[in-house]
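Residue numbers (my numbering), protein chains in the order written: chain A, 48 to 220; chain B, 48 to 220; chain C, 48 to 220. Just so you know, even glycine gets a beta-carbon here, dropped at the ideal spot from N, CA and C.
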Amino acid sequence: MTIYKEQINLKSHGKTPTFFNITDSVKEVIQKSKIQGGICVVISSHTTCSVFFEEFVHDYNENGNEFLQTDLNNVLQKIIPDNIAEGQYNYPGEKHYEAVASWPNAESYLPNGDRSALLNCDAHLKSTLLGSSEIFEVDEGKLGVGTTGYIYFVDFDRTRPRDRKCKIIVLGE
Amino acid sequence: MTIYKEQINLKSHGKTPTFFNITDSVKEVIQKSKIQGGICVVISSHTTCSVFFEEFVHDYNENGNEFLQTDLNNVLQKIIPDNIAEGQYNYPGEKHYEAVASWPNAESYLPNGDRSALLNCDAHLKSTLLGSSEIFEVDEGKLGVGTTGYIYFVDFDRTRPRDRKCKIIVLGE
Amino acid sequence: MTIYKEQINLKSHGKTPTFFNITDSVKEVIQKSKIQGGICVVISSHTTCSVFFEEFVHDYNENGNEFLQTDLNNVLQKIIPDNIAEGQYNYPGEKHYEAVASWPNAESYLPNGDRSALLNCDAHLKSTLLGSSEIFEVDEGKLGVGTTGYIYFVDFDRTRPRDRKCKIIVLGE
Chain A
48 MTIYKEQINL KSHGKTPTFF NITDSVKEVI QKSKIQGGIC VVISSHTTCS VFFEEFVHDY
108 NENGNEFLQT DLNNVLQKII PDNIAEGQYN YPGEKHYEAV ASWPNAESYL PNGDRSALLN
168 CDAHLKSTLL GSSEIFEVDE GKLGVGTTGY IYFVDFDRTR PRDRKCKIIV LGE
Chain B
48 MTIYKEQINL KSHGKTPTFF NITDSVKEVI QKSKIQGGIC VVISSHTTCS VFFEEFVHDY
108 NENGNEFLQT DLNNVLQKII PDNIAEGQYN YPGEKHYEAV ASWPNAESYL PNGDRSALLN
168 CDAHLKSTLL GSSEIFEVDE GKLGVGTTGY IYFVDFDRTR PRDRKCKIIV LGE
Chain C
48 MTIYKEQINL KSHGKTPTFF NITDSVKEVI QKSKIQGGIC VVISSHTTCS VFFEEFVHDY
108 NENGNEFLQT DLNNVLQKII PDNIAEGQYN YPGEKHYEAV ASWPNAESYL PNGDRSALLN
168 CDAHLKSTLL GSSEIFEVDE GKLGVGTTGY IYFVDFDRTR PRDRKCKIIV LGE
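Structure follows, in structure tokens:
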């Protein structure tokens with residue numbers, strides 16, 4: 048049994064949740080792995096991002112989101128409203144602001160000291176609900192997702208554009 | 048380390064979400080794999096289906112659903128109401144209807160051209176929330192789920208009966 | 048490719064959902080495994096518990112919950128209210144009470160015959176939403192979670208303190 052992995056780099060726009068159809072990247076990694084049968088693990092290493100399996104839809108809204116993405120946003124927004132002001136959620140607290148401000152790379156998390164950069168509680172909770180990893184089948188050297196299945200990476204963070212990493216790990220023979 | 052996999056085939060009834068207790072099938076695949084220690088991955092390759100881990104309940108409602116399944120349906124129904132009419136959700140849009148109608152196997156998705164066969168936005172969103180895969184332990188040749196744990200496959204699609212596939216993949220030694 | 052696993056034992060307090068930051072345990076298991084590249088699977092074998100990936104927050108509420116945990120509890124409570132009385136949910140039904148009472152280890156589930164010990168429907172549904180397993184990357188012998196990512200085990204059961212097991216399985220080379 049062997050293991051093969053790659054990282055793909057994604058750039059979110061940060062206005063609304065950013066959805067990436069990463070199916071072609073996953074298929075390419077499986078092909079390069081030369082693994083014929085096994086599993087393919089897709090992992091977000093960010094706590095405001097998720098990986099999920101969904102149909103590709105041919106209609107888009109004004110943000111460029113596919114219709115199922117818009118519907119998902121609407122459902123999640125009802126139960127986890129956008130974090131637009133301090134005090135709306137408990138997170139982030141004063142001690143957390145202080146801790147983040149003391150990190151060597153504080154500028155990445157609080158650019159120009161802008162406290163609103165941490166107002167992404169909604170993104171944290173949404174990604175907890177959807178989960179940070181998903182596993183797919185590798186069958187006869189191909190991603191086993193049927194005709195209508197696609198793999199999406201979503202960054203729920205709306206505070207600003209972010210550089211995101213997604214790990215694709217193939218295990219098998 | 049070796050890998051062993053099987054596919055199980057399931058038929059949903061399509062009236063309400065269809066729940067399948069697949070625990071015995073998973074145990075059988077682990078036994079046939081002869082793998083003593085490792086992991087067992089259970090995967091839905093359909094975008095309206097999920098795999099989850101839950102207690103088996105001895106009481107059923109009038110649909111044959113176990114009580115925790117009925118309670119799960121009620122909770123999900125509150126946040127993601129059944130998709131009963133066009134326009135209720137964005138999905139499916141006109142371009143998606145056109146695309147699906149042009150597929151070689153269009154009849155599987157739009158039987159007799161019935162547009163209501165795509166009114167399963169609720170099923171897509173529910174399965175995104177629950178996820179398409181779950182991993183279990185294989186310990187001393189057995190499924191490591193404790194006394195009360197069972198594995199369920201659910202098809203949330205209520206539009207019609209469907210043939211569904213579930214992949215069970217065992218990795219270990 | 049090799050496989051290495053350990054079990055960690057946790058004790059929930061049973062008043063509100065109990066959250067455990069298990070990141071250091073996971074890192075320790077990876078180190079002991081000597082595996083340099085691969086995956087680390089973290090699994091709950093209890094049907095009221097989940098594993099999830101989240102930021103560590105430096106602020107706590109009066110229960111000792113980090114602020115993102117409090118916010119998660121609030122969101123989940125809105126859609127899945129605490130199970131405080133029989134009849135609020137379908138679960139647990141009379142046949143389930145009878146079945147559990149007949150188990151050899153009935154005392155673990157119905158201590159002193161207390162029926163309220165099964166009033167944990169909310170915990171079952173919450174853990175179904177969050178899922179029972181999560182996968183992480185092992186990269187250069189280390190847990191691949193970035194600067195702000197931590198791994199949490201949660202027991203949503205509020206009926207009483209429970210002994211819980213979490214499985215950590217590392218696969219790789």
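Need the endpoints of the beta strand (DSSP E) that residue i sits in, please.
i: N120(A); result: N120(A) -> not in any beta strand (DSSP E); alpha helix (DSSP H) instead, spanning 114-126.
i: K189(B); result: 189-191
i: S91(C); result: 85-91
i: T63(B); result: Note, T63(B): premise wrong, no beta strand (DSSP E); not H, not E.
Could you tell me which chain A residues have their CB closer than 8 Å to the CB of residue i, listed as they occur along the chain?
i: A146(B); result: H105
i: L157(C); result: Going along chain A, no residue has its Cβ under 8 Å from L157(C), so there is no contact; the nearest lies around 31 Å.
Give the single residue among the options whose Cα lies nearest to the Cα of residue i.
i: E141(C); options: H105(B), I127(B), S179(B), P151(B); result: H105(B)
i: V185(C); options: S59(C), H60(C), K79(C); result: K79(C)
i: E75(B); options: P64(B), T65(B), I90(B), Q54(B); result: Q54(B)
i: T94(A); options: S97(C), E109(C), G111(C), I198(C); result: I198(C)
i: G188(B); options: C168(B), P139(B), E220(B), S92(B); result: E220(B)
i: D118(C); options: T195(A), R207(A), K212(A), H171(A); result: H171(A)
i: H143(A); options: K58(C), S59(C), E113(C), I77(C); result: E113(C)
i: A146(A); options: T70(C), T195(C), N167(C); result: T195(C)
i: G191(C); options: G134(A), I90(A), S149(A); result: I90(A)
i: G193(C); options: K125(A), I182(A), V122(A), C96(A); result: C96(A)
i: I136(A); options: N152(A), N167(A), A153(A), P151(A); result: Note that residue 136(A) corresponds to Tyr in the displayed sequence, not to Ile. With distances taken between Cα atoms, Y136(A) lies closest to N167(A).
i: N52(C); options: D71(C), A153(C), D129(C), C87(C); result: The question names Asn, but residue 52(C) is Lys in the sequence shown. When only C-alpha atoms are compared, the closest one is C87(C).
i: R211(A); options: S92(A), R162(A), N130(A); result: S92(A)
i: G111(B); options: S59(B), E181(B), M48(B), D169(B); result: S59(B)
i: V73(B); options: P139(B), T206(B), F183(B); result: F183(B)
i: N62(A); options: E181(A), V122(A), I131(A), Y107(A); result: Before going further, note that residue 62(A) is Lys rather than Asn in the sequence given. Ranking E181(A), V122(A), I131(A), Y107(A) by Cα distance to K62(A) puts I131(A) first.
i: L165(B); options: Q124(B), R209(B), S180(B); result: R209(B)
i: Y138(A); options: S163(A), L57(A), A153(A); result: S163(A)
Hey, could you find the ends of the alpha helix (DSSP H) residue i is sitting in?
i: E109(B); result: Run containing E109(B): none; DSSP gives neither H nor E here.
i: Q54(C); result: Here Q54(C) belongs to no alpha helix (DSSP H); instead the beta strand (DSSP E) covers 49-58.
i: Y156(A); result: 153-156
i: E101(C); result: From DSSP, E101(C) is part of no alpha helix (DSSP H) but of the beta strand (DSSP E) over 96-102.
i: D71(C); result: 70-80
Applying a beta-carbon distance threshold of less than 7 Å, which residues of chain B neighbour residue i?
i: S179(C); result: F100, E181
i: V88(C); result: I86, I182
i: Y136(C); result: D118
Name the chain B residues that come within less than 8 Å of residue i, Cβ to Cβ?
i: E141(C); result: D106
So which residues on chain B does residue i lean against when the C-beta distance must stay under 9 Å?
i: S92(C); result: F100, F183, E184, G191, V192, G193, G196
i: C213(C); result: Under the 9 Å cutoff, chain B gives no residues; its nearest Cβ is about 10 Å from C213(C).
i: L176(A); result: L176
i: F200(A); result: Within 9 Å Cβ-Cβ: nothing; F200(A) doesn't reach chain B, min ~13 Å.
i: F66(A); result: Near F66(A) there are no residues of chain B at all, since even the closest Cβ is about 11 Å away, more than 9 Å.
Report the neighbours of residue i on chain C: residues whose CB is nearer than 7 Å to its CB, in chain order.
i: E220(B); result: I50
i: L172(A); result: D118, L119, V122
i: G188(B); result: Near G188(B) there are no residues of chain C at all, since even the closest Cβ is about 14 Å away, more than 7 Å.
Using a Cβ cut-off of 8 Å, pull out every chain C residue sitting near residue i, in sequence order please.
i: G85(B); result: I50, I216, L218
i: L166(B); result: Result: empty, since nearest Cβ-Cβ is about 23 Å, beyond 8 Å.
i: F203(B); result: The premise fails here: F203(B) is roughly 13 Å from chain C at the closest Cβ pair, so nothing lies under 8 Å.
Residues of chain A with a CB under 9 Å from the CB of residue i: which are they?
i: V73(B); result: None at all; the shortest Cβ gap to chain A is about 15 Å.
Below 9 Å on C-beta distance, what does residue i contact in chain C?
i: K125(B); result: I126
So, does the stretch 175-182 of chain A touch the stretch 174-185 of chain C, judging by three or more C-beta pairs under 8 Å?
yes
With three or more C-beta pairs closer than 8 Å as the rule, is the stretch 80-87 of chain B touching the stretch 99-114 of chain B?
no
Per the contact definition of three or more C-beta pairs closer than 8 Å, is the stretch 199-208 of chain A in contact with the stretch 48-66 of chain A?
yes
Is the stretch 209-216 of chain A touching the stretch 153-168 of chain B in the sense that three or more CB pairs, one from each, lie closer than 8 Å?
no
Within the stretch 134-211 of chain A, ranges of the alpha helix (DSSP H) (whole runs, at least 4 residues)
141-149, 153-156, 168-177
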